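These protein sequences, in sequence, are chains A and B. Quick note on the UniProt record's numbering: the first sequence kicks off at 1 and runs consecutively. Quick note on the UniProt record's numbering: the second sequence kicks off at 1 and runs consecutively. Don't be surprised by glycine CBs; every beta carbon is placed ideally from N, CA and C. Please read these numbers as outputs of a predicted model, since none were measured by experiment. Please read the structure below before turning to the comments.
There are 2 protein chains.
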Amino acid sequence: MDFSEHKNIFLQIRDWLVDQILIGKLQPGEKIPSVRELAADIEVNRNTVMRSYSLMEEEGIIENKRGIGFFIASDATTQLQRIQKREFFEQELPGIIHKVEVLKLNSQDLAQLLQVIQSNDHENKQ
Amino acid sequence: MDFSEHKNIFLQIRDWLVDQILIGKLQPGEKIPSVRELAADIEVNRNTVMRSYSLMEEEGIIENKRGIGFFIASDATTQLQRIQKREFFEQELPGIIHKVEVLKLNSQDLAQLLQVIQSNDHENKQ
DNA sequence: TTTAGTGTCATAGTTTAATGTGACACTAAT
DNA sequence: ATTAGTGTCACATTAAACTATGACACTAAA
Numbered sequence: 001m002d003f004s005e006h007k008n009i010f011l012q013i014r015d016w017l018v019d020q021i022l023i024g025k026l027q028p029g030e031k032i033p034s035v036r037e038l039a040a041d042i043e044v045n046r047n048t049v050m051r052s053y054s055l056m057e058e059e060g061i062i063e064n065k066r067g068i069g070f071f072i073a074s075d076a077t078t079q080l081q082r083i084q085k086r087e088f089f090e091q092e093l094p095g096i097i098h099k100v101e102v103l104k105l106n107s108q109d110l111a112q113l114l115q116v117i118q119s120n121d122h123e124n125k126q
Numbered sequence: 001m002d003f004s005e006h007k008n009i010f011l012q013i014r015d016w017l018v019d020q021i022l023i024g025k026l027q028p029g030e031k032i033p034s035v036r037e038l039a040a041d042i043e044v045n046r047n048t049v050m051r052s053y054s055l056m057e058e059e060g061i062i063e064n065k066r067g068i069g070f071f072i073a074s075d076a077t078t079q080l081q082r083i084q085k086r087e088f089f090e091q092e093l094p095g096i097i098h099k100v101e102v103l104k105l106n107s108q109d110l111a112q113l114l115q116v117i118q119s120n121d122h123e124n125k126q
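So this is what it looks like as structure tokens:
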């Protein structure tokens, strides 16, 4: 796991875990690495991982069983689809549209993106 | 000017000025606000604005005339189109594509974005 | 020559993310 | 009961962004 300079580490850890859930590598009900284990694994302090987990607990993404550890909430996937979509539309999309405008990016520049969108269109039809 | 919590202020100032250039509100050769003036205007410390200007000077976006102030470089617009495009493709686009995939966003969700892209396509043809 | 406006440097203080450690209560298995 | 693994809290410390302020050299205009 490589961290970006321009975003807080505890947020990047949260983002990474969220992604693991959304792509299905972490399933609802499943136990996630312990605070100490993950901290050692990604070479970060215990308290930093603790902060990520506390945030995700507040968001209802994970739940704690005392003395045992954290587990993915049963409705985590649905919750996240909602949370992440909302965040994307409100926080990111406007900035993306603006950049596409001022940089005058065309279909050729964004071919790969358009392909994914088209692919999603077909999935929804079935 | 409202600052985001999750990005350094001196970078946000740079981003804002870059945008002003790209949308044509600041033209090549034009003088930009003095360090003290802009600092007072956006209620930020002198040194923070100074840091933004130093960064932009290193990037070749602005130039200094001793005792007078900073001016937009003559080739700033072309330079920025290049720099910002490269940064977008390398730093942002991959993450965007990934999110569109996992959140299964379709043409309807991204209608506004697609419209801008299409509009850019038509511009380039002329 | 004086004055006001420019960037620039230096120094000190505040805030917050991240680190480093120690200690404690809980749970499960030995 | 003991042990190992869990989260959790309580410090102290480091690093970096941002603030606050003073001082200096330069330029243009009065």
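Exposed unless 16 or more other CB atoms sit within 10 angstroms - verdict on residue i
| i | result |
| --- | --- |
| residue 134 of chain B | Residue 134 of chain B falls outside the range modelled here, since chain B spans only 1 to 126, and no answer is possible. |
| Lys125 of chain B | exposed |
| Lys99 of chain A | buried |
| Asn120 of chain A | buried |
When the options are compared against residue i, the one with the closest alpha-carbon
| i | options | result |
| --- | --- | --- |
| Leu105 of chain A | B:Glu58, B:Gln118, B:Asn45 and B:Ser107 | B:Gln118 |
| Thr48 of chain B | B:Gln27, B:Leu103 and B:Gln12 | B:Gln12 |
| Ala76 of chain A | A:Ser52, A:Leu26, A:Phe3 and A:His6 | A:Leu26 |
| Ser74 of chain A | A:Ala111, A:Gly67, A:Arg86 and A:Glu57 | A:Glu57 |
| residue 152 of chain B | B:Glu101, B:Leu55 and B:Arg46 | As shown, chain B starts at 1 and ends at 126. That puts residue 152 of chain B outside it, with no answer to give. |
| Ile72 of chain B | B:Arg36, B:Tyr53 and B:Asn45 | B:Tyr53 |
| Ile62 of chain A | A:Gln115, A:Asn8, A:Ser34 and A:Leu113 | A:Ser34 |
| Leu22 of chain B | B:Glu5, B:Glu43 and B:Gln79 | B:Gln79 |
| Ala39 of chain A | A:Arg66, A:Arg14, A:Lys7 and A:Gln108 | A:Arg14 |
| Leu110 of chain B | A:Phe89, A:Glu5 and A:Arg36 | A:Phe89 |
| Gly24 of chain A | A:Gln108, A:Gln81 and A:His122 | A:Gln81 |
| Asn45 of chain B | B:Gln91, B:Phe10, B:Gln108 and B:Glu123 | B:Phe10 |
| Arg36 of chain A | A:Arg51, A:Ser107 and A:Phe3 | A:Arg51 |
| Ser107 of chain B | A:Ser4, A:His122 and A:Gln108 | A:His122 |
One or two residues paired with residue i in a DSSP bridge
| i | result |
| --- | --- |
| Lys85 of chain B | For Lys85 of chain B, which the question treats as bridged, DSSP gives no partner whatsoever. |
| Asn64 of chain A | A:Phe70 |
| Lys125 of chain B | DSSP lists no partner for Lys125 of chain B. |
| Lys31 of chain B | B:Phe71 |
Chain B contact for residue i (CB, 8 Å cutoff)
| i | result |
| --- | --- |
| Gln12 of chain A | no |
| Leu55 of chain A | no |
| Glu58 of chain A | no |
| Glu30 of chain A | no |
| Gln81 of chain A | yes |
| Lys99 of chain A | yes |
| Gln112 of chain A | yes |
| Leu17 of chain A | no |
| Ile96 of chain A | yes |
| Leu26 of chain A | no |
| Gln84 of chain A | yes |
Beta-carbon proximity check, residue i vs residue j, cutoff 8 Å
| i | j | result |
| --- | --- | --- |
| Leu103 of chain B | Gln20 of chain A | no |
| Lys31 of chain A | Gly60 of chain A | no |
| Leu113 of chain A | Ile42 of chain B | no |
| Glu101 of chain A | Val116 of chain B | yes |
| Lys7 of chain A | His6 of chain B | yes |
Within-8 Å CB hit, residue i to chain A
| i | result |
| --- | --- |
| Asp121 of chain B | yes |
| Phe3 of chain B | no |
| Ser74 of chain B | no |
| Asn124 of chain B | yes |
| Ser34 of chain B | no |
| Phe71 of chain B | no |
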